[in-house]
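In the UniProt record's numbering, the protein residues as written are 1 to 211. Yeah, the Cβ is synthetic: ideal placement off N, Cα and C, and Gly gets one too.
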């Protein structure tokens, strides 16, 4: 019988009191070599559970009792050969971040902050439209996946096995505003085009006069 391991889980979040699509959790389950067809993923309003065998002879299993409620029907999932990526819609619209991912405040060795996606609460607006969740549809799974919206009403929840993790103090990792500056730069180049065309016409005219 294969060994059962708890996969590494990373997470980050965004919040909004007015826009549901900006009020979500990033949760990644590191489950390498687990085929999508063999995986069992269940989402309920307060729990995420996953189990599945890998091609390397081990099996992964984890159940996460969440700090607050999520909206499974408006959550998203992408399963690849390396991990299961989740964007979980928080049910309650609230400006404040969740203090932690899990209901319990006990520290869990497998739960880590995703520093690549984390943005401090007071700086999350800087991430803007380039934020990860808004571009989630561009992800492709190696199992022939791509983004899938699961009909979670057909999935049953597994009994919570407890578990949790405290969130460490984090430094700001807000997204840059380079995109806006780049757009302005492109506009300036467009404005210069008529002047270049005019210069070419004057040059052509001078050539004709000389000839």
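Residue 97 to residue 14, Cα distance in whole Å? 7 Å
Reducing DSSP to helix, strand and coil, say where residue 49 ends up. strand
Where residue 36 sits in the DSSP three-state scheme: helix
Out of 126, 118, 78, 89, which one is the CA nearest neighbour of residue 41? 78
Could you compute how far the alpha carbon of residue 4 sits from the alpha carbon of residue 118? 29 Å
Going by DSSP in three states, residue 100 sits in which element: helix, strand or coil? strand
Suppose the cutoff is 8 Å on Cβ atoms and the five residues either side in sequence are ignored; what does the same chain contact list for residue 183 look like? Note that residue 183 has pLDDT 42, beneath the 50 cutoff, so the model's placement of it is unreliable and the number below is only indicative. Correct list: empty, nothing qualifies.
Does residue 3 come out as helix, strand or coil in the three-state DSSP assignment? strand
Taking the continuous beta strand (DSSP E) assigned at residue 212, which residues delimit it? Nothing in the structure corresponds to residue 212, since the chain is present only between 1 and 211.
So what does DSSP say about residue 126, is it helix, strand or coil? helix
Is residue 8 helix, strand or coil when you go by DSSP? strand
Under the assumption that residue 24 contacts residue 90 (Cβ atoms under 8 Å), give the Cβ distance between them as a whole number of angstroms. 6 Å
Quick check on residue 73: does DSSP put it in helix, strand or coil? strand
Flag this pair as touching only if the stretch 64 to 71 and the stretch 35 to 50 have three or more C-beta atom pairs under 8 Å; answer yes or no. yes
Can you tell me where the beta strand (DSSP E) holding residue 112 begins and where it ends? 111 to 113
Can you give the Cα-Cα distance for residue 7 and residue 83, rounded to whole angstroms? 9 Å
Does the distance from the CB of residue 75 to the CB of residue 86 come in under 8 Å? yes
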